[in-house]
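Letter by letter, the sequence shown follows residues 9 to 980 of my numbering. Positions of the beta carbon are idealized from the N, C-alpha and C atoms, including for glycine.
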Amino acid sequence: MTVARESSSAGLGGRLVGPVRSVWAKHDRDAEGWLPLWRHMADSAAVAGLLWDEWLPANVRALVADALPGGAGDGRCLVMWLAAVHDIGKATPAFACQVDQLADVMRGQGLQMKTRRQYGADRVMAAHARAGQVLLGEWLEERHGWPPRQSGQFAVVVGGHHGVPPEHGQLNDLYDRPHLLRTPGASEPLWRRVQEELLVACAQEYGVEERLGAWRAVRVPQPVQVLLTAVVIVADWIASNPDLFPYFPQETRSGAERVAAAWQGLRLPAAWRAEEPCGDAGEVVAARFDLPPGASARPVQEAAVRLAREMPEPGLVIVEAPMGEGKTEAALAVAEIFAARSGAGGVFFALPTMATGNAMFPRLLDWLGRLPGRDGTTHSVLLAHSKAALNDDYAELLRSGRQHIVAVDVDGETQRWRPSEGGRFAAAELVAHAWLRGRKKAMLSSFVAGTVDQLLFAGLKSRHLALRHLAVAGKVVVIDEAHAYDTYMSVYLDRVLAWLGAYRVPVVVLSATLPSGRRRQLMEAYAGAVAEGGGGAEAFARVAGAVSYPLLTAVSPGQVPVIAGAAASLRGGEVHLEALADDQELLAGRLAAELEGGGCVLVVRNTVRRVLETARVLRERFGEQAVTVAHSCFVDVDRAGKDADLLARFGPPERAGGQRPAGPHIVVASQVAEQSLDVDFDLLVTDLCPVDLMLQRMGRLHRHRRGAGQAERPERLRTARCLVTGVDWGGPVPVPVRGSVAVYGAYALLRSAAVLLPHLQGAQRPVRLPEDISVLVQGAYAEEPVGPAAWSEAMAVAWERHEKHRAEQAGRAQVFRLDEVGPPGRPLIGWVAAGVGDADDTRAGRAQVRDSRESLEVVVVQRRADGGLATLPWLAKGLGGLELPTDRPPSAAAARAAASCGLRLPLQFSHPEVMDRAIAELEELYVPAWQGRDSHWLAGQLFLVLDGDCQTSLAGFALRYSPADGLEVSSD
Numbered sequence: 009m010t011v012a013r014e015s016s017s018a019g020l021g022g023r024l025v026g027p028v029r030s031v032w033a034k035h036d037r038d039a040e041g042w043l044p045l046w047r048h049m050a051d052s053a054a055v056a057g058l059l060w061d062e063w064l065p066a067n068v069r070a071l072v073a074d075a076l077p078g079g080a081g082d083g084r085c086l087v088m089w090l091a092a093v094h095d096i097g098k099a100t101p102a103f104a105c106q107v108d109q110l111a112d113v114m115r116g117q118g119l120q121m122k123t124r125r126q127y128g129a130d131r132v133m134a135a136h137a138r139a140g141q142v143l144l145g146e147w148l149e150e151r152h153g154w155p156p157r158q159s160g161q162f163a164v165v166v167g168g169h170h171g172v173p174p175e176h177g178q179l180n181d182l183y184d185r186p187h188l189l190r191t192p193g194a195s196e197p198l199w200r201r202v203q204e205e206l207l208v209a210c211a212q213e214y215g216v217e218e219r220l221g222a223w224r225a226v227r228v229p230q231p232v233q234v235l236l237t238a239v240v241i242v243a244d245w246i247a248s249n250p251d252l253f254p255y256f257p258q259e260t261r262s263g264a265e266r267v268a269a270a271w272q273g274l275r276l277p278a279a280w281r282a283e284e285p286c287g288d289a290g291e292v293v294a295a296r297f298d299l300p301p302g303a304s305a306r307p308v309q310e311a312a313v314r315l316a317r318e319m320p321e322p323g324l325v326i327v328e329a330p331m332g333e334g335k336t337e338a339a340l341a342v343a344e345i346f347a348a349r350s351g352a353g354g355v356f357f358a359l360p361t362m363a364t365g366n367a368m369f370p371r372l373l374d375w376l377g378r379l380p381g382r383d384g385t386t387h388s389v390l391l392a393h394s395k396a397a398l399n400d401d402y403a404e405l406l407r408s409g410r411q412h413i414v415a416v417d418v419d420g421e422t423q424r425w426r427p428s429e430g431g432r433f434a435a436a437e438l439v440a441h442a443w444l445r446g447r448k449k450a451m452l453s454s455f456v457a458g459t460v461d462q463l464l465f466a467g468l469k470s471r472h473l474a475l476r477h478l479a480v481a482g483k484v485v486v487i488d489e490a491h492a493y494d495t496y497m498s499v500y501l502d503r504v505l506a507w508l509g510a511y512r513v514p515v516v517v518l519s520a521t522l523p524s525g526r527r528r529q530l531m532e533a534y535a536g537a538v539a540e541g542g543g544g545a546e547a548f549a550r551v552a553g554a555v556s557y558p559l560l561t562a563v564s565p566g567q568v569p570v571i572a573g574a575a576a577s578l579r580g581g582e583v584h585l586e587a588l589a590d591d592q593e594l595l596a597g598r599l600a601a602e603l604e605g606g607g608c609v610l611v612v613r614n615t616v617r618r619v620l621e622t623a624r625v626l627r628e629r630f631g632e633q634a635v636t637v638a639h640s641c642f643v644d645v646d647r648a649g650k651d652a653d654l655l656a657r658f659g660p661p662e663r664a665g666g667q668r669p670a671g672p673h674i675v676v677a678s679q680v681a682e683q684s685l686d687v688d689f690d691l692l693v694t695d696l697c698p699v700d701l702m703l704q705r706m707g708r709l710h711r712h713r714r715g716a717g718q719a720e721r722p723e724r725l726r727t728a729r730c731l732v733t734g735v736d737w738g739g740p741v742p743v744p745v746r747g748s749v750a751v752y753g754a755y756a757l758l759r760s761a762a763v764l765l766p767h768l769q770g771a772q773r774p775v776r777l778p779e780d781i782s783v784l785v786q787g788a789y790a791e792e793p794v795g796p797a798a799w800s801e802a803m804a805v806a807w808e809r810h811e812k813h814r815a816e817q818a819g820r821a822q823v824f825r826l827d828e829v830g831p832p833g834r835p836l837i838g839w840v841a842a843g844v845g846d847a848d849d850t851r852a853g854r855a856q857v858r859d860s861r862e863s864l865e866v867v868v869v870q871r872r873a874d875g876g877l878a879t880l881p882w883l884a885k886g887l888g889g890l891e892l893p894t895d896r897p898p899s900a901a902a903a904r905a906a907a908s909c910g911l912r913l914p915l916q917f918s919h920p921e922v923m924d925r926a927i928a929e930l931e932e933l934y935v936p937a938w939q940g941r942d943s944h945w946l947a948g949q950l951f952l953v954l955d956g957d958c959q960t961s962l963a964g965f966a967l968r969y970s971p972a973d974g975l976e977v978s979s980d
């Protein structure tokens with residue numbers, strides 16, 4: 009091998025001669041190709057410049073520019089320079105010794121070093137990112153006279169480019185071992201000269217040398233340090249891709265030709281450039297959404313658009329409105345306005361579950377299809393949860409966006425996977441861009457619909473957190489169903505909102521019902537220090553005291569909040585409540601009387617066990633065909649089929665298309681009926697639950713008009729009625745069933761019963777929707793006592809347990825929660841110290857941001873009579889019973905069909921000792937042929953094998969599965 013030379017004197021390489029050109033950065037062990045450090049520096053800087061010019065959203069560029077005296081010009085120079093010097097730590101003996109033949113060339117140029125073995129374990133203390141931070145800091149301090157604190161806020165970008173900024177102790181360990189940075193003795197001056205030549209050349213080439221004096225006084229805000237780190241990471245990953253940037257000696261093109269070809273081959277979609285829509289709210293909504301003939305914008309939508317336009321700058325808007333008022337459309341209309349005003353380059357729609365994410369994704373695509381755009385514009389789109397590739401809409405985008413580019417974390421090491429490790433292989437025009445499919449890069453897509461976990465991960469100390477922050481910093485963030493998040497998740501959400509406020513990210517929060525105290529917490533978290541003075545406390549107190557409904561509240565970063573009311577549409581009504589004893593046979597008899605003239609009933613239970621017990625009793629009375637079961641313990645494809653079937657039979661009249669059952673029919677469901685499904689029933693029976701969720705369930709009752717005065721419903725069921733059960737109502741204090749207490753806690757259930765009591769007793773005044781929604785929610789979540797005096801002792805005991813549990817939740821959440829935004833100029837050193845490592849959408853990752861035990865997910869397959877494995881036999885479209893050979897990868901169709909049968913096992917399997925036993929048993933089926941790239945659908949999965957009767961045993965439990973009832977678990 010010879011020392012590489014540029015094909016011309018232009019560019020970074022043209023400034024360098026001699027030993028410095030022998031320093032290497034990349035090596036291909038298979039082809040013996042290599043890349044000199046100066047070439048990778050130049051590639052990375054060029055990519056960073058292109059990212060700044062063509063990919064970064066305008067609001068991200070503005071945030072960086074605002075921190076620098078030279079504005080956008082300084083911002084571009086700084087990004088390119090930091091990308092250029094990010095690998096300066098590779099110009100050290102601790103790094104260069106790793107490849108013998110390349111190290112020998114450097115030794116031949118006078119750069120002496122020990123062998124890798126001679127350095128021993130100490131070498132890891134000079135990881136090249138950490139070494140680069142030390143070298144850049146020294147150069148700024150020694151050559152340019154910067155104080156260490158000032159240099160640290162720039163150098164930490166280099167130190168953090170592998171995902172974790174160094175800690176002070178790690179830097180001190182390296183300061184104590186200078187031999188890892190430069191070989192002592194005769195060659196030490198040459199090592200120092202080579203390092204300085206590279207740093208000086210980069211400063212000159214990228215226009216930084218004359219700016220360092222002005223930057224010496226800059227105090228870089230921590231959010232800007234994070235964004236700079238993220239851009240450098242992205243630039244490094246692109247420039248490290250050998251498909252785009254080939255290694256020497258195969259590469260013969262000039263630097264400019266090389267970069268131009270790579271960028272053209274990458275075809276990275278540019279950020280969305282929104283234009284503020286013209287016209288009033290009605291015109292905006294009509295233009296972006298497929299409204300029925302004669303329909304117009306609802307009052308909440310009009311108020312939201314008006315508020316978004318009146319705010320001094322985009323900020324946080326909270327929309328509280330009843331179900332069916334078009335909050336989703338209001339949020340997207342506000343997002344378009346906010347994006348146009350702020351320069352945000354996309355939208356992230358965060359939802360509570362995978363099911364709600366799947367339901368939102370086609371709606372997001374429809375909205376995107378109606379946005380104005382220039383010819384040839386391409387937007388990157390992502391469905392962000394662990395099973396997104398099984399969604400048909402997203403799968404089509406994956407196929408249409410296929411590219412032959414290897415997307416890898418180029419500096420990561422490939423390790424053999426075992427199921428117990430919990431990981432898995434990651435396998436205008438709207439595309440799911442190939443380079444943006446990796447688990448650490450996917451959120452960088454412009455338009456994302458996914459679970460709220462993806463947003464909460466931005467508040468979790470984890471590796472490559474900077475990339476998650478860049479992903480959300482460039483978007484408008486919409487958070488749906490905010491009432492669904494408990495104390496544990498709220499601790500993360502509040503911290504994420506604080507960082508979003510610091511990034512000046514526009515946020516829209518949607519909720520049908522939000523306690524006033526929680527509303528204030530969200531606003532204060534986002535607004536920041538303004539809440540502590542300048543009239544902020546009084547303004548936020550008014551936010552907490554607002555009682556009108558529907559309600560819109562808004563605040564811009566650093567400003568005081570404003571409150572706006574909105575009229576409700578005329579879709580409300582009255583719901584008559586009745587307490588019903590918790591007796592399955594009594595329920596069956598009552599429903600027989602209610603359904604004498606036909607009708608459709610929804611029975612909502614708080615646990616899957618109660619769902620199945622109730623369904624069993626009702627089937628004995630009404631027959632198998634008259635009872636449908638829906639809960640969370642179905643395999644994915646069956647769960648999706650259940651949702652589609654419920655929508656087809658019980659959805660809006662125009663969608664059901666005559667499929668609504670003519671005779672009596674009962675749907676027995678768990679909490680899955682609360683969210684995302686636009687279904688409509690004649691009668692509701694529900695276990696007692698927190699009042700905000702109770703109101704959500706009531707939203708499935710008489711949801712749509714069926715004839716004048718509901719005349720198309722059975723005569724007995726034309727009045728909306730809700731039977732509240734799951735409680736022993738007979739004593740002096742209501743006693744909820746044990747399963748409900750385990751899920752929600754006794755305090756929330758008693759408070760719910762207390763505020764509903766006037767509607768359950770005596771004159772039985774009906775619940776008026778939407779007028780009573782805010783009254784009931786604020787009453788249930790207020791601090792003042794509620795309920796009869798006879799309940800006070802039971803309420804006090806429940807409150808103590810509730811407060812203890814809430815304090816424990818908050819304490820657990822704070823262990824790995826990201827710190828508050830530090831003062832400007834404080835380096836990000838130790839930013840994610842004591843974190844969780846990698847955080848992604850796996851069972852372990854989700855458990856970090858939800859107060860739940862780590863769940864166990866399996867793929868369900870069946871063992872045939874001949875001993876072979878096959879997909880479940882009832883799968884539609886010819887996918888049932890397909891062979892799953894174990895000596896080779898299955899066919900693509902069979903593998904995808906099997907993967908679509910993922911199942912999250914219930915809580916019984918989340919206890920550590922049970923989970924360990926279950927994993928050990930599941931790992932007995934380990935198929936090496938399914939673990940490679942040719943079987944990405946099945947790689948990294950655990951398999952639950954059912955026998956011919958769809959039964960099996962696992963960890964001491966007997967399991968039975970059916971497409972009608974899902975998974976049933978009993979003691980073995």
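Among the residues of its own chain, which have a CB less than 6 angstroms from the CB of residue i, if the five just before and after it don't count?
i: Leu975; result: Cys641 and Tyr969
i: Ala264; result: none
i: Asp646; result: Pro971
Report yes if the CB atom of residue i is closer than 8 angstroms to the CB atom of residue j, and no otherwise.
i: Ser159; j: Gly323; result: no
i: Glu284; j: Ala348; result: yes
i: His712; j: Pro660; result: yes
i: Ala551; j: Arg526; result: It should be noted that the sequence gives Val, not Ala, for residue 551. Against a cut-off of 8 angstroms, the Cβ pair of Arg526 and Val551 comes out as no contact.
i: Ala73; j: Asp61; result: no
i: Val583; j: Leu709; result: yes
i: Gly354; j: Ala279; result: yes
i: Ala104; j: Met114; result: yes
i: Pro997; j: Tyr752; result: Missing from the structure shown is residue 997; the chain here goes from 9 to 980 and no further.
Name the residue from the options whose alpha carbon lies nearest to the alpha carbon of residue i.
i: Val28; options: Val208, Asp874 and Val460; result: Val208
i: Cys210; options: His152, Arg275 and Gly19; result: Gly19
i: Pro796; options: His387, Pro766, Ala338 and Ala821; result: Pro766
i: Gly566; options: Trp60, Val513, Leu518 and Ala104; result: Val513
i: Val609; options: Glu632, Arg528 and Arg729; result: Arg729
i: Pro186; options: Glu146, Pro156 and Ala762; result: Glu146
i: Val504; options: Val202, Asp827, Ala269 and Ala623; result: Asp827
i: Glu205; options: Ala92, Glu865, Cys909 and Ala194; result: Ala92
i: Glu291; options: Arg306, Arg281 and Val486; result: Arg306
i: Pro914; options: Asp38, Gln817, Arg69 and His639; result: His639
i: Gly78; options: Trp46, Ala225 and Val616; result: Ala225
i: Asn366; options: Gly888, Gly649 and Glu932; result: Gly649
By Cβ distance below 7 angstroms, which residues in the same chain neighbour residue i in space, the five residues on each side in sequence not counted?
i: Arg424; result: Residue placement at Arg424 cannot be trusted, given a pLDDT of 37 that sits under 50; what the coordinates show is reported in the next sentence. Around Arg424: no qualifying Cβ.
Length at least 3, wholly inside the stretch 528-616: the beta strand (DSSP E) runs in chain order: 559-563, 570-573, 581-587 and 608-612
The stretch 93-110 in contact with the stretch 160-170 per 3-pair CB rule at 8 angstroms: yes
Validate contact between the stretch 595-607 and the stretch 683-693 using beta carbons, cut 8 angstroms, 3 pairs: yes
Cβ contact check for the stretch 508-525 and the stretch 477-484: 3 or more pairs under 8 angstroms: yes
Inside the stretch 298-386 only - alpha helix (DSSP H) runs reaching at least 4 residues: 307-318, 335-350 and 362-378
Stretch pair the stretch 237-244 + the stretch 48-58: three plus CB contacts closer than 8 angstroms: yes
Those runs of the alpha helix (DSSP H) which lie wholly inside the stretch 877-924 and span at least 4 residues: 900-907
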